[in-house]
Structure formats: structure tokens, C-alpha cells
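Numbering (my numbering), first residue to last: 1182 to 1406. To start, the structure under review is shown below, and the notes come after it.
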């Protein structure tokens, strides 16, 4: 059988004992296996680029170029600072050779569905923030504690500081600004970093998230006491 002209690259799952004719038909009809994109906590755009590059045909360099291009991102309503707000931690299914634009199209659709559910967008508006800003605040809360019962109170502290025009003074933003997540204790020398993510020197939220917060953390931020 001549099938070369019909073959397309992809990821295929073959079963033990599957005969040659069945395999040829599977390849010829491009019946690919789904590839999972499992998103938990990521800190940087490079982390996301590596995750996508590891699991799909597109390489991490191409993903990073996409994430650093406002022209590419504007179709999804974000920019290079807020690109990571497209990522709601979840498990997503794609084909191995799914185009990068389509991967982000699905992430953006999931983001929209998430914020339109459970009155999240309305809750954000009541706080005086956009979903992207709440996501950014939640990312700081995420880095502050692993205890779910503390997250609402931590978010409340930061919301109060923002409300009165006070510096947030969030240690995790300093680690992000320095791109050094091994720091155990923030010292005075660390606070001198020149960065819009330095919340000891700048008033207001940083320009974007410092990690992908969990859904629990986002909801705790939205429902902060």
C-alpha cells in the first residue's frame, strides 16, 4: 500500500497487537492521540514556553517569541505584562501538532469562561479591579502561603494597602523582580532592585502576575473579608 502522500506528522497511540493495515489506516486518517497540557503553578513566561515546547511540536523559543510580542498577544486582549493571565491552572487537551495560536485561543476561551462563571467578573468589578488585576493580586497571595485558610486574609491586607495608596510591600514580588526564587529572606539590599515589580518602591499593583495562582487562591482573593 502506498500511503506516503497521505501521512502527516503527529502523535499516534498504537495498541499492542494492532495489525499493519489498522496502523496504516490510523496514520492515513490522521487519528492522533490527544496530548495533555497540565498547568499547575508557573512563575514566568519562560516556564510556560518550556511546558508547551516540551509537550507539543512547537518549540519553546517560538512560544517565548509569541509571549514577548504585543502584536501576537493583542488578539487575546493581553500584552507582554499580562500574558500569563490567560493561563487558568487546569488540564487542557490538544493534538501534538496544534498550532500555537490555537493553543492560546483555547487558553483564552477557558479564561473567559472562568471569569464569566460564579460572578467572578462582577466580584472583581466590586473590588475596583479588572480580572487581570485580581489575577495579579492572587499571584502574590499564592506565593505568600500554601495554606488555603490564610489566603483571604492576606488578600484583604493587600487590598487595604492598595485602597489607601500605600506600598504593598510584598516580598514575593522582590524575588520575581530579581528572578531569584531561592531567596529565603528579603534583605535591605534586595529592596533596591529597580523594577516595576518592586512593591516596596512602587505604589499599586505590579504590571502583571508573578505566578499562575490556583483557582482556590483567585476565589479567596475575590471573596477576601
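For each residue, glycine too, the CB sits at the ideal point set by N, CA and C.
* To do: On a CA-only basis, which of 1218, 1217 and 1224 is nearest residue 1363? Give me that one, please.
  => In the chain shown, residue 1363 corresponds to position 182, counting from 1. Comparing Cα-Cα distances from residue 1363 to each of 1218, 1217 and 1224, the minimum goes to 1224.
* Would you list the residues sitting across from residue 1274 in a DSSP beta bridge? => If you number the chain shown from 1, residue 1274 lands on position 93. Bridge partners of residue 1274: 1217.
* Asked: Where does residue 1384 fall in DSSP's three states?
  -> As a position in the chain shown, residue 1384 is number 203, starting the count at 1. Secondary structure at residue 1384: strand, using DSSP grouped into helix, strand and coil.
* When you compare each of 1398, 1392 and 1228 to residue 1332 by their alpha carbons, which one comes out closest? -> As a first step, residue 1332 must be located in the chain shown, where it is residue number 151. Relative to the Cα of residue 1332, the nearest Cα in the group 1398, 1392 and 1228 belongs to 1398.
* Residue range of the alpha helix (DSSP H) that residue 1246 falls in? -> Counting from 1 along the chain shown, the entry for residue 1246 is found at position 65. Boundaries of the alpha helix (DSSP H) around residue 1246: 1241-1248.
* Asked: residue 1256: buried (16+ other C-beta within 10 angstroms of its C-beta) or exposed?
  -> Translated into positions along the chain shown, residue 1256 becomes position 75. Residue 1256 is exposed by the Cβ-count criterion.
* Do residue 1323 and residue 1394 come within 7 Å of each other at the CB atom, strictly closer than that value? -> Reading the chain shown from its first residue, position 213 is the one you call residue 1394. Reading the chain shown from its first residue, position 142 is the one you call residue 1323. Yes; because the gap between Cβ atoms is below 7 Å, this pair is in contact.
* **Close Cβ partners of residue 1379 (< 6 Å) along its chain, the five nearest in sequence each way excluded** => Taking the first residue of the chain shown as 1, we reach residue 1379 at position 198. Residues 1358 of the same chain have their beta carbon placed closer than 6 Å to that of residue 1379, with the five preceding and five following residues left out of the count.
* Hey, could you find the ends of the alpha helix (DSSP H) residue 1402 is sitting in? => The count along the chain shown starts at 1 and reaches residue 1402 at position 221. First-last of the alpha helix (DSSP H) with residue 1402: 1396-1403.
* Can you grab the Cα-Cα spacing for the pair residue 1289 / residue 1266, in whole Å? => The residue given as residue 1289 occupies position 108 in the chain shown. The residue given as residue 1266 occupies position 85 in the chain shown. Taking C-alpha positions only, residue 1289 is separated from residue 1266 by approximately 9 Å.
* Report the rounded CA-to-CA distance for residue 1227 versus residue 1237, giving the unit in angstroms. => Within the chain shown, the letter at position 46 stands for residue 1227. Within the chain shown, the letter at position 56 stands for residue 1237. The straight-line gap separating the alpha-carbon atoms of residue 1227 and residue 1237 is approximately 15 Å.
* 8 Å CB neighbourhood of residue 1268 in its chain, flanking five on each side removed -> On the chain shown, position 87 is the one that residue 1268 refers to. 1220, 1223, 1229, 1288, 1292 and 1393.
* To do: Check the DSSP bridge columns for residue 1348 and list the partner residues they point to.
  => Here residue 1348 refers to the residue found at position 167 of the chain shown. Its beta-bridge partners are 1384.
* Asked: Do the CB positions of residue 1253 and residue 1247 come within less than 7 Å of each other?
  -> What you label residue 1253 is simply residue 72 of the chain shown in a count that begins at 1. What you label residue 1247 is simply residue 66 of the chain shown in a count that begins at 1. Closer than 7 Å, so yes.
* Asked: So, is residue 1347 buried or exposed, given that buried needs 16 or more other C-beta atoms within 10 angstroms?
  -> Against the chain shown, residue 1347 aligns to sequence position 166. With fewer than 16 other Cβ atoms within 10 Å, it is exposed.
* Decide if residue 1250 is buried, meaning its Cβ has at least 16 other Cβ atoms within 10 Å, or exposed. => What you label residue 1250 is simply residue 69 of the chain shown in a count that begins at 1. Exposed, because fewer than 16 other Cβ atoms sit within 10 Å of the Cβ of residue 1250.
* **Reduced DSSP secondary structure (H/G/I, E/B, other) of residue 1353** => Start at 1 with the first residue of the chain shown, and residue 1353 comes out as number 172. The answer is helix: DSSP assigns residue 1353 an H, G or I state.
* To do: Count the other C-beta atoms from every protein chain shown that fall within 10 angstroms of the C-beta of residue 1327, then say buried if there are 16 or more, exposed otherwise.
  => Position 146 of the chain shown holds residue 1327. Counting Cβ neighbours within 10 Å, residue 1327 comes out exposed, since fewer than 16 surround it.
* **Inter-residue CB distance, residue 1355 and residue 1372 (contact presumed, cutoff 8 Å)** => Residue mapping note: residue 1355 aligns to position 174 of the chain shown, counting from 1. Residue mapping note: residue 1372 aligns to position 191 of the chain shown, counting from 1. That belief holds up - the Cβ atoms of residue 1355 and residue 1372 are roughly 7 Å apart, short of 8 Å.
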